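Take the sequence shown: its position 220, counting from 1, is numbered 220 in the UniProt record's numbering, and each next residue is one higher.
Each residue gets a CB set at the ideal place from its N, CA and C atoms; glycine is no exception.
Bear in mind the structure is a predicted one, so any value in this text is a computation, not a measurement.
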Amino acid sequence: MEKQINVGMLGFGTVGSGVATIIKENEKQLSQKLGADVKIKKIAVRDPEKYRDIDTNGSELTTVVDDVVNDESIKVIVEVMGGIEEAHQAIEQSLRAGKAVITANKDLMALHGHSLLKLAEEHHADLYYEASVAGGIPIIRTLEDGLASDRISTIMGIVNGTTNYILTKMKEEGWSYEDALKEAQALGFAESDPTSDVEGLDAARKMAILATLAFSMEVYLDDVEVTGMTNITAEDMSLAEQFGYSVKMLGFAEKDEEGVDVAVEPVFLKSSHPLAAVRNEYNAVYVYGDAVGETMFYGPGAGSMPTATSVVSDVIAACRNILLGVAGARHIDYVNERKIKQEDQQHAQFFHRLLVKDKIGVFSALTDIYGKYEASLSSIIQRPGEQEGEAEVILITHPVSRKNHHKIVEELKQSDVVKNIISQYRVEGGDR
């Protein structure tokens with residue numbers, strides 16, 4: 001049995017420094033659990049002269065990634081450098097050499113995860129990526145192991161802390177979207193360019209990863225229907241509350257006999273649903289399985305130490321496999337045929353808020369449009385408009401295909417009784 005397992009790290013930023021801290025502070029505990037010491041031998045950094053208040057504990061710093069990857073004494077590679085191309089090359093190189101790889105890179109796994117997992121299997125190497133989704137929440141391992149015997153039909157998740165923080169402030173403080181975003185940026189929850197978060201791209205990458213695992217089917221980023229949240233207003237938030245809903249930016253992954261539907265979009269979520277209570281920068285993932293029923297996993301979705309905790313748990317798993325002589329023994333095989341639903345197979349309820357002309361025949365014209373595309377109405381409410389001759393109409397449909405929903409919206413835009421579509425949202429009651 002090996003008495004020491006050497007680890008090489010690619011990157012030493014927020015997450016990387018957290019990994020080093022956890023390994024150093026829990027050195028004895030890790031040694032007792034594994035029966036071997038875990039040592040970070042080399043770390044690839046951009047600037048070795050940069051001041052760091054984290055003790056590297058004797059690790060060698062280098063600016064050359066290959067110095068880490070090609071070191072034969074290093075058995076485990078931790079990739080926390082970010083980016084795609086350089087990280088992709090380094091991970092491929094490490095797997096071909098039979099090294100275990102742990103990554104927190106959701107962008108990379110969403111784009112290349114399928115091929116990398118197959119490469120890992122071919123070269124009898126482990127590839128773990130718990131930290132790529134939902135930070136400190138162990139959702140990947142839960143889907144791979146804890147719920148492996150169940151048939152998952154639905155995943156709903158708040159998997160981006162930035163958007164949830166913004167929506168929390170808009171709801172609880174009455175802030176505008178712009179003010180809430182500025183506060184999130186000031187606190188470090190949002191980047192200076194928040195596009196990836198607020199347009200749903202970050203969440204889409206995570207949902208592609210979760211859907212692949214949950215449904216044992218290759219799901220790609222391009223399969224995810226994505227709608228951003230930049231048009232949400234404080235008035236929408238207030239209106240949702242009046243109807244018994246909360247506005248959340250949710251990821252969905254659903255599977256039935258027809259196939260898989262994956263989406264990220266702003267949603268009117270029933271306030272009684274447990275996800276509606278998730279506040280600020282926290283993440284939560286709701287999973288429905290045929291046998292287990294409803295489960296929900298909640299915790300910090302980002303940050304140095306929560307994410308580093310997930311990375312180190314993967315390091316422990318990889319080290320244990322090395323010590324037991326079963327490294328790379330996981331069999332990666334997607335048992336379900338790839339069936340992604342088309343828009344005419346994707347069904348949901350929708351909320352529409354319309355500004356219409358206040359005259360006889362408006363309701364008849366509207367119901368004709370909805371009826372034409374097989375959309376029955378769950379509720380319809382009229383309110384006075386701000387200007388004379390105008391009225392506001394709020395409609396909630398029964399489930400309708402996304403294809404027909406798009407056709408309804410286009411026809412509403414062309415209708416001579418509709419002056420404006422003020423807002424539109426998917427509606428989720430949480431009933432399964």
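Would you kindly work out how many angstroms separate the C-alpha atoms of residue i and residue j, rounded to a whole number?
{"i": "Lys41", "j": "Ile139", "result": "29 Å"}
{"i": "Glu144", "j": "Ala214", "result": "8 Å"}
{"i": "Arg432", "j": "Val287", "result": "Bear in mind that the predicted position of Arg432 carries a pLDDT of just 49, short of 50, making it too unreliable to give a figure here."}
{"i": "Pro384", "j": "Ala184", "result": "35 Å"}
{"i": "Ser59", "j": "Ile43", "result": "7 Å"}
{"i": "Val198", "j": "Asn231", "result": "10 Å"}
{"i": "Thr56", "j": "Gly328", "result": "29 Å"}
{"i": "Glu72", "j": "Val38", "result": "16 Å"}
{"i": "Arg279", "j": "Ser238", "result": "16 Å"}
{"i": "Lys341", "j": "Ala253", "result": "11 Å"}
{"i": "Leu108", "j": "Arg320", "result": "25 Å"}
{"i": "Glu191", "j": "Met229", "result": "16 Å"}
{"i": "Val15", "j": "Thr307", "result": "6 Å"}
Which residues in the same chain as residue i place their Cβ atom closer than 7 Å to its Cβ, once the five residues preceding and following it in sequence are excluded?
{"i": "Asn105", "result": "Glu79, Gly82, Ala87 and Ser132"}
{"i": "Ile422", "result": "Arg353, Leu354 and Leu355"}
{"i": "Gly174", "result": "Ala234"}
{"i": "Ala204", "result": "Leu221, Val224, Val226 and Val264"}
{"i": "Thr168", "result": "Arg279 and Asn280"}
{"i": "Ile369", "result": "Ile408, Glu411, Leu412 and Ser415"}
{"i": "Lys419", "result": "Leu355, Val356, Lys357 and Glu390"}
{"i": "Thr163", "result": "Asp197, Val198, Met229 and Met249"}
{"i": "Leu127", "result": "Leu95, Val101, Leu116, Leu117 and Ala120"}
Can you tell me which of the three DSSP states residue i falls into?
{"i": "Leu147", "result": "coil"}
{"i": "His331", "result": "coil"}
{"i": "Gly161", "result": "helix"}
{"i": "Asn283", "result": "strand"}
{"i": "Val278", "result": "coil"}
{"i": "Phe351", "result": "strand"}
{"i": "Gly113", "result": "helix"}
{"i": "Phe106", "result": "The amino acid at residue 106 is misidentified as Phe; the sequence shows Lys. Of the three classes helix, strand and coil, the one that applies to Lys106 here is helix, per DSSP."}
{"i": "Met249", "result": "strand"}
{"i": "Glu79", "result": "strand"}
{"i": "Tyr298", "result": "strand"}
{"i": "Leu10", "result": "strand"}
{"i": "Ala365", "result": "helix"}
{"i": "Asp256", "result": "strand"}
{"i": "Ser304", "result": "helix"}
{"i": "Thr227", "result": "coil"}
{"i": "Ile360", "result": "coil"}
{"i": "Ser423", "result": "strand"}
{"i": "Lys41", "result": "strand"}
{"i": "Met156", "result": "strand"}
{"i": "Gly293", "result": "strand"}
Could you check whether residue j and residue i sit closer than 8 Å to each other, using their CB atoms as the reference points?
{"i": "Pro300", "j": "Gly188", "result": "no"}
{"i": "Lys75", "j": "Ala36", "result": "no"}
{"i": "Val226", "j": "Asp236", "result": "no"}
{"i": "Gly200", "j": "Glu281", "result": "no"}
{"i": "Glu130", "j": "Ser17", "result": "no"}
{"i": "Arg315", "j": "Asp150", "result": "One point to set straight first is that residue 315 is Val, not Arg, in the sequence displayed. Taking 8 Å as the Cβ cut-off, Val315 and Asp150 do not qualify as a contacting pair."}
{"i": "Glu121", "j": "His406", "result": "no"}
{"i": "residue 445", "j": "Lys357", "result": "The requested residue 445 does not occur in the structure, where the chain is confined to residues 1 to 432."}
{"i": "Glu374", "j": "Asn404", "result": "yes"}
{"i": "Gly157", "j": "Leu250", "result": "yes"}
{"i": "Asp261", "j": "Ser153", "result": "no"}
{"i": "Ile102", "j": "Val311", "result": "yes"}
{"i": "Lys206", "j": "Val267", "result": "no"}
{"i": "His398", "j": "Ser364", "result": "no"}
{"i": "Ala90", "j": "Val64", "result": "no"}
{"i": "Glu343", "j": "Ser304", "result": "no"}
So is residue i buried or exposed if we call it buried at 16+ other beta carbons inside 10 Å?
{"i": "Ser94", "result": "buried"}
{"i": "Leu324", "result": "exposed"}
{"i": "Gly244", "result": "exposed"}
{"i": "Asp333", "result": "exposed"}
{"i": "Gln346", "result": "buried"}
{"i": "Glu178", "result": "exposed"}
{"i": "Ala20", "result": "buried"}
{"i": "Gln349", "result": "buried"}
{"i": "Asn336", "result": "exposed"}
{"i": "Ile155", "result": "buried"}
{"i": "Ala148", "result": "exposed"}
{"i": "Thr195", "result": "exposed"}
Between residue i and the rest of its own chain, which residues show a CB-CB distance below 6 Å, the 5 nearest in sequence each way excluded?
{"i": "Ile394", "result": "Arg353 and Ile381"}
{"i": "Tyr298", "result": "Ala284"}
Near residue i, which residues of its chain fall below 8 Å by C-beta distance, leaving aside the five closest residues on each side in sequence?
{"i": "Met1", "result": "Bear in mind that a pLDDT of 46 at Met1, under 50, signals an unreliable position, so the number given afterwards is only what the model happens to contain. Closer than 8 Å at Cβ, skipping near neighbours: Gly35, Ala36 and Leu323."}
{"i": "Thr62", "result": "Lys42, Ile43, Ala44, Val45, Pro48 and Val68"}
{"i": "Ser271", "result": "Glu241, Gly244, Tyr245 and Ser246"}
{"i": "Gln424", "result": "Phe350, Phe351, His352, Arg353 and Val409"}
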